[in-house]
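K.L.:
Pasting in a structure now, in structure tokens, and then I'll have a few things to ask.
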Amino acid sequence: MSAKKSLMYRLSNVPHQVIGALTLIVIALPYLMPVGIPLKITPYSEQFKAALDAVPEGGNVAFSLDSAMGGTTETGGMIRATIKYFIYDRPDVHIVMWGMHYDCVLVFNTFVADVLEDADYGKEVAWFGYIPGTDAAIAKLSDDLKGILSVDFYGTPVAQLEIMDNINGAPDFDLLLSFDTYGHADSYVGHWYERYKTKIAIGMLSGSIPVATMRFTAGQIVGFCGGVKGAAELEALLKYPGPAYTNYDVMNVANLFAIGLLLFGNITYFLTKKEER
Amino acid sequence: MSFIRRTEIPITIAAIMTLIMLLDLFTGDPTLRAASTMLQSWAIILAGFALGIGAVSLLRLHTTNIKRKRPGWYGSVLIIFFTAAVLVTGLMDLNLANPILRFILDNMYMRLYAAAWAFEGIFLIYGLYRAFKIRNLDSLILSVTAFFCIIRNAAVAEVFFGPAAFAPGTWILDVPNLGGIRALMIASSLGILMLGLRTLLGKERGYIRTGG
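Those sequence lines, one after another, are chains A and B. Quick note on the working numbering: the first sequence kicks off at 1478 and runs consecutively. Quick note on the working numbering: the second sequence kicks off at 1163 and runs consecutively.
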């Protein structure tokens, strides 16, 4: 009886090293043997795609890279799929890019730079790099964009960039996209939507979905794409499969494992309590 | 008391700035808008300086660690070395294309950053096993909510339970969660408004280190 009790007690107190090792194995399996779990597109991802499609011909899109590099396991896929969509499927659209997170240059080089090689720089697209100041910078960009963006990332004066001829602030953009891991999107809503009613769509971590849902239902944003699941759905919708689709398998298996652990932890806990009684 | 040490001066300046920003937001007057835009430019410049101040503070802290041979001082040596390496190689090519910099960024910074996040994931999973045990009504609600929200993210659950598997998780996110988040946001916005009002009236003195 005591050996049985001891076993149950041990099962309800598995060391974190064992759980960590099991997690690693579970996560590694889908990479070694892809499962190919079918993707179910949610209405939120469809609305994000609809917001991209709604940009009028020759329209202007502000593309804010606000992700930390560590967060790009979730946002990287959506950034890449979206920029590919605009460059390859909608070359008429003008893309003005900057970043509010100091990792933005890394994110740009990893997920965007090679795609932009196929675009006409200065006419179709411009890249301004990192802008410090977060909330104040976002407010200033909405009112007086050229007051901050006087030269692009490569040092070219803004007057020499044809794309910037008619862009002076938030009212000149048909859509603002913020791929965010640090809450910059809230500042965009505060300064760009509240003042100028600029359409905003957000790509972010799955943990930010509750706040994004609130903003979406309040009409402050026109769409959002959250986490690996949202990124994989967006890749599928835009027909540019990428890293998120691979990670989707892993996320599914990891979620099942998490549910299993939650149930296992409770079952062993109650059996231990029963034995104690 | 010396004139420049008088607390009334920073309080008055902060009150005027707050007033300009608030009036600009609520009136949209072009003169106030110009003043508010100028203030925002100042804030951006100050934010740029803040990065420099952060770097100086970091160097001061870690040089002191090395001088006093505090525990883990060798970590401070590494921090100073890599800060200098990234700064020098970054300044050599502002497009971040310097090969040494690229090596540091691609093979160290990005990998370690991703590893740190992944490490967090492992502890989250361990937390599900250890902390989500149903001991009382609160933990029951927490565990049931977690269960359905995780199910909602696992598309594979549909294979076992059909589309109904996602309904409880979606309801939790769309109804109680949405209501709670809205209440939280409205409450925090009112708090910010009160803070602005206290600053405007000179009641908020925490930022000038005199309490209040």
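No residue lacks a Cβ here, since even glycine has one placed at the ideal position from N, Cα and C.
(1) If we cut at 9 angstroms on Cβ distances, does Arg-1315 of chain B have a partner in chain A?
(2) At a CB-CB cut-off below 8 angstroms, which residues of chain A make contact with Asn-1339 of chain B?
(3) Can you check whether the C-beta of Ile-1625 of chain A is within less than 9 angstroms of a C-beta belonging to chain B?
(4) Ignoring anything shorter than 4 residues, give me the alpha helix (DSSP H) runs that lie fully in the region 1530-1604 of chain A, in order along the chain.
(5) If Leu-1290 of chain B sits next to Leu-1739 of chain A, beta carbons under 8 angstroms apart, how far is it from one beta carbon to the other, in whole angstroms?
(6) May I have a chain-ordered list of the alpha helix (DSSP H) segments no shorter than 4 residues that lie completely inside the region 1175-1232 of chain B?
(7) Would you mind telling me which residues of chain A sit closer than 7 angstroms to Ile-1206 of chain B, beta carbon to beta carbon, in chain order?
(8) Within the same chain, show all residues whose beta-carbon is closer than 7 angstroms to that of Ile-1334 of chain B, passing over the 5 residues directly before and after it, in chain order.
(9) How many whole angstroms separate the CB atoms of Tyr-1562 of chain A and Leu-1715 of chain A, which I take to be in contact at a CB cut-off of 8 angstroms?
(10) Per the DSSP calculation, Ala-1678 of chain A is bridged to which residue(s)?
(11) With a threshold of 6 angstroms on Cβ separation, who are the neighbours of Leu-1748 of chain A within its own chain once the five nearest residues in sequence on each side are excluded?
(12) Quick one: give me the first and last residue of the alpha helix (DSSP H) that Asp-1620 of chain A is part of.
(13) With 9 angstroms as the threshold, decide whether the Cβ of Gly-1210 of chain B is near any Cβ in chain A.
(14) Keeping to the same chain, check which residues put their C-beta closer than 8 angstroms to that of Glu-1320 of chain B; ignore five residues upstream and five downstream.
(15) With a Cβ-Cβ cutoff of 9 angstroms, do Gly-1667 of chain A and Leu-1682 of chain A count as a contact?
(16) Let me make sure I understand the geometry here. Which of A:Ala-1662, A:Val-1573, A:Asp-1663, A:Leu-1516 has the alpha-carbon closest to that of Leu-1593 of chain A?
(17) Who are Tyr-1607 of chain A's beta bridge partners in DSSP?
(18) Rounded to the nearest angstrom, what separates Thr-1658 of chain A and Leu-1362 of chain B at their Cα positions?
(19) Tell me the DSSP secondary structure of Pro-1492 of chain A in three-state form.
(20) Measuring alpha carbon to alpha carbon, tell me which residue in A:Ala-1735, A:Tyr-1725, A:Glu-1752, A:Tyr-1746 is nearest Glu-1551 of chain A.
(21) Taking the continuous alpha helix (DSSP H) assigned at Phe-1306 of chain B, which residues delimit it?
(22) Return helix, strand or coil for Pro-1511 of chain A, following the three-state DSSP convention.
(23) Ala-1735 of chain A touches chain B at which residues, Cβ-Cβ below 7 angstroms?
(24) What residue range is occupied by the uninterrupted alpha helix (DSSP H) comprising His-1661 of chain A?
(25) Would you tell me roughly how many angstroms separate the C-alpha atoms of Gly-1283 of chain B and Asp-1255 of chain B, rounded to the nearest one?
(26) Could you compute how far the alpha carbon of Ala-1259 of chain B sits from the alpha carbon of Tyr-1369 of chain B?
(27) Alpha carbon to alpha carbon, how far is Ile-1640 of chain A from Pro-1634 of chain A?
(28) Taking 9 angstroms as the CB-CB limit, is Leu-1370 of chain B close to chain A?
(29) Count the other C-beta atoms from every protein chain shown that fall within 10 angstroms of the C-beta of Gly-1632 of chain A, then say buried if there are 16 or more, exposed otherwise.
(30) Considering only their Cβ atoms, is the gap separating Val-1688 of chain A from Ala-1528 of chain A smaller than 9 angstroms?
(31) Which residues, taken in chain order from the region 1691-1706 of chain A, show a beta carbon closer than 7 angstroms to some beta carbon of chain B?
(32) Which same chain residues end up closer than 8 angstroms to Pro-1648 of chain A when comparing Cβ atoms and leaving out the 5 residues on each side of it in sequence?
(33) Looking only at its chain, what residues have a beta carbon closer than 6 angstroms to the beta carbon of Ala-1545 of chain A, apart from the 5 residues adjacent to it on each side?
(34) Please name the residue or residues paired with Pro-1634 of chain A in a DSSP beta bridge.
(35) Please compile the residues from chain A whose C-beta is within a distance smaller than 7 angstroms of the C-beta of Val-1218 of chain B.
(36) Return yes when the Cβ of Trp-1604 of chain A is within less than 9 angstroms of the Cβ of Asp-1566 of chain A, no when it is not.
P.N.:
Working from what's here:
(1) Here the question's residue 1315 of chain B lines up with position 153 in the second sequence. According to the sequence provided, residue 1315 of chain B is Asn. The question's Arg does not apply to it. Interface residue, yes.
(2) Within the second sequence, numbered from 1, the residue matching residue 1339 of chain B stands at position 177. Per Cβ cutoff of 8 angstroms: Pro-1687, Thr-1690.
(3) The count along the first sequence starts at 1 and reaches residue 1625 of chain A at position 148. Answer yes: the Cβ-Cβ gap between Ile-1625 of chain A and chain B drops below 9 angstroms somewhere.
(4) 1549-1561, 1581-1588, 1590-1593
(5) The count along the second sequence starts at 1 and reaches residue 1290 of chain B at position 128. The count along the first sequence starts at 1 and reaches residue 1739 of chain A at position 262. 5 angstroms between Cβ atoms; contact.
(6) 1192-1229
(7) The sequence position of residue 1206 of chain B within the second sequence is 44, counting from 1. Here the neighbours are Pro-1609, Gly-1610, Ala-1613, Ala-1614, Lys-1617, Ile-1625.
(8) Here residue 1334 of chain B corresponds to residue number 172 of the second sequence, with the count starting at 1. For Ile-1334 of chain B, where only same-chain residues beyond five positions count, the Cβ hits under 7 angstroms are Thr-1307, Phe-1310, Cys-1311.
(9) The residue labelled residue 1562 of chain A in the question sits at position 85 within the first sequence. The residue labelled residue 1715 of chain A in the question sits at position 238 within the first sequence. Indeed they touch by this definition, with Cβ atoms about 5 angstroms apart.
(10) In the first sequence, residue 1678 of chain A corresponds to position 201, counting from 1. Ala-1678 of chain A is bridged to A:Leu-1654, A:Gly-1700.
(11) By 1-based counting over the first sequence, the position of residue 1748 of chain A is 271. Cβ neighbours of Leu-1748 of chain A beyond the five flanking positions: Met-1485.
(12) Along the first sequence, read from residue 1 onward, the residue named residue 1620 of chain A stands at position 143. Start and end: 1611-1620.
(13) Residue numbering aside, residue 1210 of chain B sits at position 48 when the second sequence is read from its first letter. Chain A, which has a Cβ nearer than 9 angstroms to the Cβ of Gly-1210 of chain B, makes this yes.
(14) Position 158 of the second sequence, counting from 1, holds the residue named residue 1320 of chain B. The answer, listed in chain order, is Ala-1327, Phe-1328.
(15) By 1-based counting over the first sequence, the position of residue 1667 of chain A is 190. By 1-based counting over the first sequence, the position of residue 1682 of chain A is 205. No, the Cβ-Cβ distance between Gly-1667 of chain A and Leu-1682 of chain A is not below 9 angstroms.
(16) Translated into the one-based positions of the first sequence, residue 1593 of chain A becomes position 116. Ranking A:Ala-1662, A:Val-1573, A:Asp-1663, A:Leu-1516 by Cα distance to Leu-1593 of chain A puts A:Val-1573 first.
(17) Within the first sequence, numbered from 1, the residue matching residue 1607 of chain A stands at position 130. For Tyr-1607 of chain A, which the question treats as bridged, DSSP gives the partners A:Gly-1576.
(18) Residue mapping note: residue 1658 of chain A aligns to position 181 of the first sequence, counting from 1. Residue mapping note: residue 1362 of chain B aligns to position 200 of the second sequence, counting from 1. So the two alpha carbons sit approximately 32 angstroms from each other.
(19) In the first sequence, the residue the question calls residue 1492 of chain A occupies position 15. In this structure, Pro-1492 of chain A counts as coil in the three-state DSSP scheme.
(20) Here residue 1551 of chain A refers to the residue found at position 74 of the first sequence. If we check each option's Cα against that of Glu-1551 of chain A, A:Tyr-1725 comes out closest.
(21) Along the second sequence, one-based indexing puts residue 1306 of chain B at 144. Inspection of the sequence shows that residue 1306 of chain B is occupied by Val rather than by Phe. Run containing Val-1306 of chain B: 1299-1315, per the alpha helix (DSSP H) assignment.
(22) Stepping through the first sequence from its first residue, residue 1511 of chain A is reached at position 34. Coil.
(23) Residue numbering aside, residue 1735 of chain A sits at position 258 when the first sequence is read from its first letter. Ile-1287, Leu-1290, Ile-1312, listed in chain order.
(24) For the purposes of this step, residue 1661 of chain A is taken as the residue at position 184 of the first sequence. It spans 1661-1665 - the alpha helix (DSSP H) in which His-1661 of chain A sits, taken as one unbroken run.
(25) Within the second sequence, numbered from 1, the residue matching residue 1283 of chain B stands at position 121. Within the second sequence, numbered from 1, the residue matching residue 1255 of chain B stands at position 93. Going from the Cα of Gly-1283 of chain B to the Cα of Asp-1255 of chain B covers about 35 angstroms.
(26) Position 97 of the second sequence, counted from the start, is the residue given in the question as residue 1259 of chain B. Position 207 of the second sequence, counted from the start, is the residue given in the question as residue 1369 of chain B. Distance between the alpha carbons of Ala-1259 of chain B and Tyr-1369 of chain B: 41 angstroms.
(27) Locating residue 1640 of chain A in the first sequence gives position 163, counting from the first residue. Locating residue 1634 of chain A in the first sequence gives position 157, counting from the first residue. Approximately 12 angstroms, taken between the alpha carbons.
(28) Here residue 1370 of chain B refers to the residue found at position 208 of the second sequence. One detail in the question is off: residue 1370 of chain B reads as Ile in this sequence, not Leu. Chain A contact via Cβ: absent.
(29) Counting from 1 along the first sequence, the entry for residue 1632 of chain A is found at position 155. Result: exposed.
(30) Sequence index remark: in the first sequence, residue 1528 of chain A carries index 51 (1-based). Sequence index remark: in the first sequence, residue 1688 of chain A carries index 211 (1-based). The answer is no: Cβ separation not under 9 angstroms.
(31) Met-1691, Thr-1694, Lys-1706
(32) Locating residue 1648 of chain A in the first sequence gives position 171, where the first residue counts as 1. Around Pro-1648 of chain A: Tyr-1673, Thr-1675.
(33) For the purposes of this step, residue 1545 of chain A is taken as residue 68 along the first sequence, with counting starting at 1. His-1578, Asp-1580, Thr-1658.
(34) As a working mapping, residue 1634 of chain A is identified with position 157 in the first sequence. Per DSSP, A:Val-1628.
(35) Residue numbering aside, residue 1218 of chain B sits at position 56 when the second sequence is read from its first letter. Neighbours of Val-1218 of chain B on chain A: none; closest Cβ ~16 angstroms, over 7 angstroms.
(36) Here the question's residue 1566 of chain A lines up with position 89 in the first sequence. Here the question's residue 1604 of chain A lines up with position 127 in the first sequence. No, the pair does not count as a contact, with Cβ atoms beyond the cut-off.
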